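So the number in the numbering used here is just where the residue sits in the sequence shown, counting from 1, plus 643. Note that CB positions come from ideal geometry on N, CA and C, so glycine has one too. All figures in this text were calculated on a predicted structure; none of them were measured in a lab. Below is one structure, written out as structure tokens; the observations come after it.
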Amino acid sequence: MELTRILTQVLGELIAPTTAAYALAAIGLNLHFGYTGLLNMGQAGFMLLGAYGFAIATIAGLPFFVALLIAIAAGALFALILGVPTLKLRGDYLAIVTISAAEIIRMIGRSTVFNDSTGGSSGLTGNSFKYTFMDLSFLPDGSTQFGPWEYSNNGSNSWWVRLVAWSVVLLAVLLVWLITRSPWGRVLKGIREDEDAVRALGKNVYSYKMQALILGGVAGSVAGVLFVLPRAVQPDSMGRSMTFFIWTILLLGGAATIWGPVVGSMIFFGVYMLLRAGMRVALPDAISSAQIEQIGGMIVGITLMCLVIFRPQGIFGDKKELAFDGR
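What follows is the structure, encoded as structure tokens:
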């Protein structure tokens, strides 16, 4: 009975809105790192800005699509601000700037100075901003069972949220597939391998890097919107841990691959749920929920280190095309 319950929870994680949100964020990071070689260590900052942009705009009375455009604009502007002073530099400078900038966004979000807009450390409740999205649903009321999954048709944890979230992910996969096979995408790969050679061919490397940073940042912003649709906007839930989760997902599935971020997200959250549920059953009295989360975080860190050391190309990646020691 316990095994059946655990397996049901694991299967539920495979199509959860959170899994889709992380997959989309990893797709954006894939454009940064996998195809262009940009070490963005602050993807959670893009997600938090997108979430805040959407939520604050909706609370102000703007319709869904206008609020979504504001979230996208916030991500693009953030990428522009980060890219202008750093993209002419090499290597790790962007990583330092992005992880610091993401922390600045988080600290601003939880600051009492902007409490009226951001809700401070308590954040913004879901009921205050998700109603415009829920009003778009064409699904009837009630619940529907599909295979092992049964959810309500509408609401925070519903088929409607899952349908939209995974549709956006599939659209992003199609977009990446198209652009990476275009001349523009081939230039990005050239920059990743040897930007001096690309510059010698007359290409504006700085411009291409900026375009990739903005496009991946926009994907992160939309992922932030998807992430908060089933829950509240809480700044501490989109901190450094989220960025490292996204990196683990990308490296697990394989950077510079089309389906790697999606499959990596599904495997990551499926195994993560299996570990947490297994520990709760195996050690019900010896370990608390908080300790389970901490152990889970340690396992993610160990997994990330092992991936970088033993299989940096991930499940679907090609080691000849992409490896850390080639950067």
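Of the residues the options, the one placed nearest residue i, counting alpha carbons only
i	options	result
Q814	M922, T701, V905 and F887	It should be pointed out that residue 814 corresponds to Leu in this sequence rather than to Gln. Selected option, being the one with the closest Cα: V905.
F721	T661, L858 and G896	L858
I958	I739, Q934 and T900	T900
I751	I942, D879 and L895	D879
A714	I748, A694 and W827	A694
P826	K846, V807 and A700	K846
Y736	G903, I724, L681 and S780	L681
S771	I658, I702 and A664	I702
N763	V914, E936, I699 and A843	Looking at the sequence shown, residue 763 is not Asn but Gly. If we check each option's Cα against that of G763, I699 comes out closest.
K976	R733, G704 and G828	It is not possible to answer for residue 976, since the shown part of the chain is limited to 644 through 970.
I739	N683, I649 and G677	N683
F708	L950, F888, T775 and G677	T775
P873	E656, P660, S931 and T651	P660
W902	G960, R805 and S743	G960
R733	G940, L844, K852 and G685	K852
I747	V848, Q788 and R883	R883
Contact under 8 Å by Cβ, residue i with residue j
i	j	result
G688	T761	no
L894	P955	yes
L947	W890	yes
P674	A855	A quick correction: the sequence has Leu, not Pro, at residue 674. Yes, they are a contact pair.
G769	A875	yes
M909	V653	no
F679	I892	Per the sequence shown, the amino acid found at residue 679 is Thr instead of Phe. Contact flag unset, no.
M690	S850	no
A710	L692	no
T886	A719	no
V811	L712	no
G606	G896	As shown, the chain starts at 644 and ends at 970. That puts residue 606 outside it, with no answer to give.
D784	N800	no
One or two residues paired with residue i in a DSSP bridge
i	result
Y794	T787
S801	S795
L681	L681 is not bridged to any residue.
L767	V876
Beta-carbon separation (whole angstroms), residue i vs residue j, contact threshold 8 Å
i	j	result
L782	W802	6 Å
I658	W792	7 Å
G671	G860	7 Å
A920	I649	4 Å
T647	E656	Not really, about 15 Å apart at Cβ, beyond 8 Å.
Q877	G766	4 Å
L923	I935	The residue you asked about is not Leu; residue 923 is Arg in the sequence shown. Right, the Cβ-Cβ distance comes to about 6 Å (below 8 Å), so this counts as a contact.
Item checked: alpha helix (DSSP H) runs wholly inside the region 696–735, at least 4 long, in chain order -> 707–729
Check: Quick one: complete alpha helix (DSSP H) runs, 4+ long, within the region 841–913?
Finding: 848–871 and 883–896
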